[in-house]
DNA sequence: AATTTCATGTAATTCGTTACATGATTCC
DNA sequence: GGAATCATGTAACGAATTACATGAAATT
């Protein structure tokens with residue numbers, strides 16, 4: 001019962017699996033860390049957290065403020081170390097929550113290939129088993145190929161009667177899809193050749209795979225611009 | 001009043017501007033002809049049509065069946081030529097509807113740069129004035145550049161702490177955006193150099209611009225596969 | 001002292017879907 | 001005559017947003 005959205009629930013559990021957080025922080029990570037994630041609002045997030053708690057997947061803890069500064073008498077009320085502080089609820093995954101998340105991770109349904117679901121799943125591939133990763137990647141690919149088929153068909157059918165702009169829009173749309181298919185091909189390829197069945201424990205890696213090419217994801221370089229600025233406008 | 005969605009209303013008016021249609025057909029065109037348009041369901045479309053009628057922008061006409069076949073006594077009830085036929089309501093744009101659409105076309109707000117709105121607007125660039133086209137393209141571009149900024153920032157901030165997959169997802173996302181920016185650059189460029197202020201009358205063109213290169217959209221070739229098949233699964 | 005950013009929540013509303021209900025027409 | 005597709009609609013529900021309301025903490 002209470003068929004909560006899927007995608008948000010999934011992402012919240014996934015993020016909380018890595019470390020406990022409070023809502024505000026959670027939302028930011030939802031919008032940044034994860035690739036595509038659209039900006040969920042608080043009006044969505046908080047009620048969702050509530051139901052996750054109700055389901056026994058999360059517990060609320062009194063907020064121990066992240067990096068509590070020296071606080072030598074400065075400010076209004078230094079109070080009793082970290083006791084009387086209102087609000088700032090930190091959510092932590094329970095054992096059942098963890099279990100539930102694992103189950104979500106290992107499941108794949110036709111939804112898993114859809115745009116947003118796919119992105120969410122991909123974002124947690126780090127804790128997904130190899131076999132499931134493959135299923136998701138391949139499912140996504142065939143979903144896109146289906147879509148391409150339709151686009152091509154409709155293009156062929158209507159080509160003559162459309163103005164340049166509509167045509168250009170379709171063309172660009174198709175190219176985007178084709179591009180994603182190529183991306184998936186690369187990923188699938190490198191999944192096949194990669195041998196590591198790695199399975200989480202979030203504090204591994206940072207120097208994961210010193211060999212340049214084989215076994216990991218396909219290599220792409222990216223200009224390293226240190227560019228500190230704002231986040232979600 | 002009755003702040004109807006925008007995007008669906010806009011698209012419906014735009015499609016009907018070209019020619020009258022009934023709901024079923026309309027929906028198909030929504031999902032195919034226009035580039036990106038997500039599949040609206042009937043449960044969305046029909047009520048929308050109703051309110052557009054209520055606003056005086058559309059009128060319902062008894063359906064003259066598209067290509068009515070000889071019908072020489074065959075079938076159940078040939079009836080009185082095309083009189084007693086139930087349903088099949090054809091919607092036609094009224095003068096006010098046309099006016100309203102023109103106004104929507106010439107307006108631009110911050111919404112116009114968002115993904116779906118942008119696609120919808122672009123799909124009707126054929127009947128949009130040059131100046132407005134420019135505004136929309138440039139608005140979209142700066143919207144995307146903003147987005148890129150944020151992505152870069154968040155990448156720089158979190159790079160070390162993320163696993164390979166999350167990173168790869170972000171990288172791919174950024175590349176997609178960068179690609180669209182390049183596309184927009186091309187379009188803007190060719191808008192600048194193109195001289196035709198063309199403004200609709202849908203029955204022009206089909207051989208619009210016999211010169212290969214200058215003035216129109218940037219040229220891209222595309223394999224012409226005649227591939228007749230189904231539409232919306 | 002004032003402003004900004006952090007932080008949590010709720011109520012009303014919007015947008016859109018699913019599932020259902022119905023029936024005509026065409027194809028085999 | 002039975003299946004598929006065309007065609008129109010409605011009611012119940014779902015997901016998420018906006019606008020509102022509140023207040024603590026940090027920055028300037």
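Protein chains in written order, with the UniProt record's numbering: chain A, 1 to 233; chain B, 1 to 233. Glycine included, C-beta positions come from ideal geometry on N, C-alpha and C.
For a cut-off of 8 Å, the C-beta gap from residue 91 of chain B to residue 20 of chain B is around 6 Å, short enough to register as a contact.
With a 10 Å radius around the Cβ and a threshold of 16 neighbouring Cβ atoms, residue 41 of chain B comes out exposed. Secondary structure at residue 9 of chain B: helix, using DSSP grouped into helix, strand and coil. Residues 141, 144 and 145 of the same chain have their beta carbon placed closer than 7 Å to that of residue 181 of chain A, with the five preceding and five following residues left out of the count. Counting C-beta pairs with one atom in each stretch, the region 119–139 of chain A and the region 158–168 of chain B have three or more that are closer than 8 Å, which means they touch.
What residue 183 of chain B touches in chain A, judged by beta-carbon distance under 7 Å, is 172, going in chain order. Put simply, of B:190, B:111, B:128 and B:8 the residue whose alpha carbon is nearest the alpha carbon of residue 52 of chain B is B:8.
Each residue's CA atom was taken as its position, placing residue 17 of chain A and residue 98 of chain A some 7 Å apart. Distance between residue 191 of chain A and residue 130 of chain A, taken at the CA atoms: about 8 Å. Beta-bridge analysis with DSSP links residue 92 of chain B to B:59. Take residue 218 of chain A, set aside five residues on each side of it, and the residues of its chain with a beta-carbon closer than 8 Å to its own are 186, 187, 189 and 190, in chain order.
By the rule that beta-carbons nearer than 8 Å mark a contact, residue 46 of chain A does not touch chain B.
For residue 22 of chain B, no CB of chain A lies under 8 Å from its own CB, so it is not counted at the interface with that chain. Residues of chain A whose Cβ lies closer than 7 Å to the Cβ of residue 168 of chain B are, in chain order, 217.
Residue 155 of chain B and residue 28 of chain A have their C-alpha atoms roughly 13 Å apart. Secondary structure note for residue 170 of chain B: its alpha helix (DSSP H) is the uninterrupted segment 164–193. Listed in chain order, the positions of the region 151–162 of chain B with a beta carbon within less than 9 Å of a beta carbon of chain A are 151, 152, 153, 154, 155, 156, 157, 158, 159, 160, 161 and 162. Here the C-alpha atom of residue 115 of chain B lies approximately 17 Å from the C-alpha atom of residue 151 of chain B. With contacts defined by Cβ atoms closer than 8 Å, residue 101 of chain B and residue 14 of chain B form a contacting pair. For the region 113–130 of chain A, the beta-carbon criterion of a distance under 9 Å to any beta-carbon of chain B is satisfied by 119, 122, 123, 124, 125, 126, 127 and 128. Here DSSP, grouped into helix, strand and coil, assigns residue 100 of chain B to helix. Under DSSP, residue 22 of chain A takes part in a beta bridge, and its partners are A:90. CA-CA distance, residue 170 of chain A to residue 54 of chain A, rounds to 46 Å. Distances from the CA of residue 194 of chain B to each of B:107, B:134 and B:6 were compared; the closest alpha carbon is that of B:134. Below the 9 Å Cβ cutoff, chain B contributes 168, 171, 172 and 175 as neighbours of residue 220 of chain A, in chain order. From the listed residues A:33, A:6, A:22 and A:38, the smallest Cα separation to residue 162 of chain B is found for A:33. Cβ-Cβ distances below 6 Å link residue 220 of chain A to nothing in the same chain once the five nearest sequence neighbours on each side are left out.
Contact check for residue 108 of chain A and residue 139 of chain A: beta-carbon distance about 7 Å, within the 8 Å limit, so the pair qualifies.
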